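Working notes, structure below.
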Amino acid sequence: MKCLACGGEMRLMGVRTDTTTECGIERHTLRCSACAHTAQRLMLNRVRKPVTNLPVVIPRNTTNVDLQNGHPTAQSAWASAIDKVNSEQADLKRRAAATIDWGSVVEKLSTTLKQQAGAARAAALARALEKLRSQQMALDERAAPLTTADREFDRIWYGQCADEVAPKPVASAPELLRDGGTT
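Each residue of the sequence shown is one higher than the one before, starting from 0 at the first, in numbering that gives the first Met the number 0.
Quick look at the structure:
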């Protein structure tokens with residue numbers, strides 16, 4: 000590694016392992032050989048897994064019967080320890096068999112999220128189109144009476160009404176002066 004301050008070579012001075020996590024995180028302390036600058040970096044070490052293929056010692060079949068009373072005796076500490084080890088190994092084997100393939104889980108999750116995003120975009124587009132259509136319909140409804148009124152106004156204004164008499168000519172300013180304003 001290079002020093003960020005001067006560019007010199009960094010030397011590893013210490014490694015502190017994080018024991019609280021299982022993923023093997025280590026804190027490396029580095030010191031520059033040129034300027035004595037120190038830095039700490041988190042490093043990810045490979046996963047350390049416990050050995051699960053330990054040999055199991057099974058005791059020979061012995062009868063745990065008290066010969067004097069004829070009652071079964073309590074199980075020996077050795078036999079209970081063996082049973083405990085066997086059950087722990089069986090549990091570890093079940094856990095190993097039930098490990099999750101994270102690649103497929105991430106792939107399925109990613110596909111699901113993409114589908115949900117596509118559906119959300121389609122729903123938003125449908126809402127926007129419906130809003131636009133409703134606004135357009137409202138504008139059309141408001142414009143319809145105006146259009147009818149405009150047609151009626153134009154019909155009357157331009158004299159196309161059958162019940163009215165033809166419009167009178169309007170006199171211009173020179174004609175008013177000539178007639179004395181009696182027209």
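Every residue gets a Cβ at the ideal spot worked out from N, C-alpha and C, and that includes glycine.
Here the structure is a predicted model, which is why all the values come from computation and not from measurement.
From what residue to what residue does the beta strand (DSSP E) around residue i run?
i, result
"Ala87", "Going by the sequence as given, residue 87 is Glu instead of Ala. Premise fails: Glu87 lies in the alpha helix (DSSP H), Ala76 to Ala96, not in any beta strand (DSSP E)."
"Ala38", "Thr37 to Leu43"
"Gly13", "Met9 to Thr16"
"Ile24", "Ile24 to Cys31"
Of all the options the options, which has the alpha carbon lying nearest to the alpha carbon of residue i?
i, options, result
"Ile24", "Ile99, Asn44, Ala89 and Glu106", "Asn44"
"Thr28", "Leu138, Met42 and Arg141", "Met42"
"Cys34", "Arg26, Arg40, Ala78 and Cys2", "Cys2"
"Arg26", "His36, Arg40 and Ser32", "Arg40"
What number of angstroms, rounded off, separates the C-alpha of residue i from the C-alpha of residue j?
i, j, result
"Asp149", "Ala125", "35 angstroms"
"Met12", "Arg30", "7 angstroms"
"Thr98", "Val14", "31 angstroms"
"Ser109", "Ala122", "20 angstroms"
"Arg132", "Gly117", "22 angstroms"
"Glu87", "Lys107", "33 angstroms"
"Thr16", "Met0", "20 angstroms"
"Gly7", "Ala95", "46 angstroms"
"Ala80", "Cys22", "30 angstroms"
"Asn85", "Thr19", "27 angstroms"
"Met136", "Lys113", "34 angstroms"
"Phe152", "Glu129", "35 angstroms"
"Met9", "Arg93", "45 angstroms"
"Ser103", "Ala119", "24 angstroms"
"Ala127", "Ala38", "54 angstroms"
"Asp90", "Asp100", "19 angstroms"
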